[in-house]
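Working notes for the structure below.
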Amino acid sequence: MSSFWSLVQNDHLLGDKSNRKPAYLWISALLLLLFFTWYTVVLLFGTAIAPLSLLKITPLLIFVFAGVSIKLSIKEWRKQTISWWLMLPFPRYYLLCAKALSALLICFKVLLLCYAITLATGLESYWLSPELFNIHHSLGSYFYEVSMNYFGYLILSPLIISITITLVMLFKSRLKFYVLLIIMLASPLLSLVFSDHNIISKNPNLSFKLSFQLPEYISSDYLSSYLPITLLVSLLVSAMLLFVSSLILEKKIQI
Numbered sequence: 436m437s438s439f440w441s442l443v444q445n446d447h448l449l450g451d452k453s454n455r456k457p458a459y460l461w462i463s464a465l466l467l468l469l470f471f472t473w474y475t476v477v478l479l480f481g482t483a484i485a486p487l488s489l490l491k492i493t494p495l496l497i498f499v500f501a502g503v504s505i506k507l508s509i510k511e512w513r514k515q516t517i518s519w520w521l522m523l524p525f526p527r528y529y530l531l532c533a534k535a536l537s538a539l540l541i542c543f544k545v546l547l548l549c550y551a552i553t554l555a556t557g558l559e560s561y562w563l564s565p566e567l568f569n570i571h572h573s574l575g576s577y578f579y580e581v582s583m584n585y586f587g588y589l590i591l592s593p594l595i596i597s598i599t600i601t602l603v604m605l606f607k608s609r610l611k612f613y614v615l616l617i618i619m620l621a622s623p624l625l626s627l628v629f630s631d632h633n634i635i636s637k638n639p640n641l642s643f644k645l646s647f648q649l650p651e652y653i654s655s656d657y658l659s660s661y662l663p664i665t666l667l668v669s670l671l672v673s674a675m676l677l678f679v680s681s682l683i684l685e686k687k688i689q690i
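Under the numbering used here, think of the first position of the sequence shown as 436, with each following residue one higher.
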């Protein structure tokens, strides 16, 4: 078990640059300062924003999780250490699970940061524009919705990470065609869970319409109803995908 955690820690430190360069902390602090300055100005002088509306940008966390997973997955190829990595005396599934857990730890830190920022914006809104809470919801219900939303993304993060690792292994193997096939098959399924927020649309007078849709945030009503099944599916499918990825890494990837 100590060897497994050594692999996890190695990937985690390589993937999280904030542990190596204090400049990342200063840049992050500056961005946070600019964000809260903008949000304060909007609350005081602009059109008030309902605090829960900020949760509608949290689906972008899916792309953050995928980006972290891609970076850790291709690290061995990018640093040209793939031969050394595969020669380690561990099963392929063991190696990929270590990378998945490393990505999960980094994503967990991102979720904690976003969670703290969201709660802080809610408290600031309650202080500067309390009428927003009187009209839409109470401060307690806001905290509950925010907590359930980020908890939902925490549950889904293993699934997103394992899907990304599987796609990377397919792309690095001789099975690149299946990457396109999976994306083509997944697109109609994803559209079923997306809401009607059209980002790009053609002229309605034309004979066709092109739209891209983003999902809403994960509501407490949905998560409280489907929490057990969502957690079970996320963990089981993640384990299966990592197993498939290990087979691809073993059989199809040439060094």
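Don't be surprised by glycine CBs; every beta carbon is placed ideally from N, CA and C.
Can you tell which of the options has its C-alpha closest to the C-alpha of residue i?
| i | options | result |
| --- | --- | --- |
| H511 | S660, L523 and A501 | Note on residue identity: the sequence assigns Glu, not His, to residue 511. Residue L523 is the option with its Cα nearest to E511. |
| S597 | V443, W440 and S681 | S681 |
| G575 | A533, L487 and S508 | L487 |
| L460 | F439, L548, L589 and L479 | L548 |
| S441 | A458, D656, S537 and K514 | S537 |
| P565 | A535, L602, L479 and L489 | L479 |
| Y550 | L521, L490 and K534 | L490 |
| L695 | L546, V476 and L563 | No statement about residue 695 is possible, as the shown extent of the chain runs from 436 to 690 and does not include it. |
| I509 | I595, P457, L602 and V679 | L602 |
| F439 | V679, F525 and L539 | F525 |
Rounded to a whole number of angstroms, what is the C-alpha to C-alpha distance between residue i and residue j?
| i | j | result |
| --- | --- | --- |
| A397 | Y585 | Absent from the model: residue 397. The displayed extent of the chain is 436 to 690, so no value can be given. |
| I497 | L684 | 24 Å |
| I552 | F471 | 9 Å |
| K544 | F500 | 11 Å |
| I635 | P494 | Below a pLDDT of 50, predicted positions are generally treated as unreliable, and I635, at 38, falls in that range; no measurement from the model is reported. |
| E580 | I664 | 20 Å |
| P593 | M583 | 17 Å |
| T599 | I505 | 7 Å |
| Q389 | G587 | Because the chain here runs from 436 to 690, residue 389 falls outside it and cannot be looked at. |
| I541 | V503 | 8 Å |
| I462 | K686 | 43 Å |
| A674 | A464 | 36 Å |
| L563 | V477 | 10 Å |
| A738 | I517 | The question about residue 738 has no answer, for the chain in this structure spans 436 to 690. |
| Y529 | L662 | 28 Å |
Within its chain, find whatever has a CB closer than 6 Å to the CB of residue i; leave out the 5 residues flanking it on each side and keep chain order.
| i | result |
| --- | --- |
| N445 | none |
What are the boundary residues of the alpha helix (DSSP H) that residue i is part of?
| i | result |
| --- | --- |
| I497 | L496 to S508 |
| T516 | Looking at the DSSP string, T516 is not in any alpha helix (DSSP H), and its letter there is neither H nor E. |
| Y539 | A small fix is needed here, since residue 539 is Leu in this sequence, not Tyr. Start and end: R527 to L563. |
| L591 | L574 to K607 |
Apart from the five residues just before and just after residue i, which ones in its own chain have a Cβ nearer than 7 Å to its Cβ?
| i | result |
| --- | --- |
| Y474 | T556 and E559 |
| C532 | L677 |
| S669 | I590, L591, P593 and L594 |
On the CB-based measure, 16 or more other CB atoms within 10 Å of its CB, does residue i come out buried or exposed?
| i | result |
| --- | --- |
| M604 | buried |
| Y434 | The requested residue 434 is not part of the displayed model; the chain covers only 436 to 690. |
| K607 | buried |
| R527 | buried |
| L466 | exposed |
| V443 | buried |
| L468 | exposed |
| L671 | exposed |
| L667 | exposed |
| I653 | buried |
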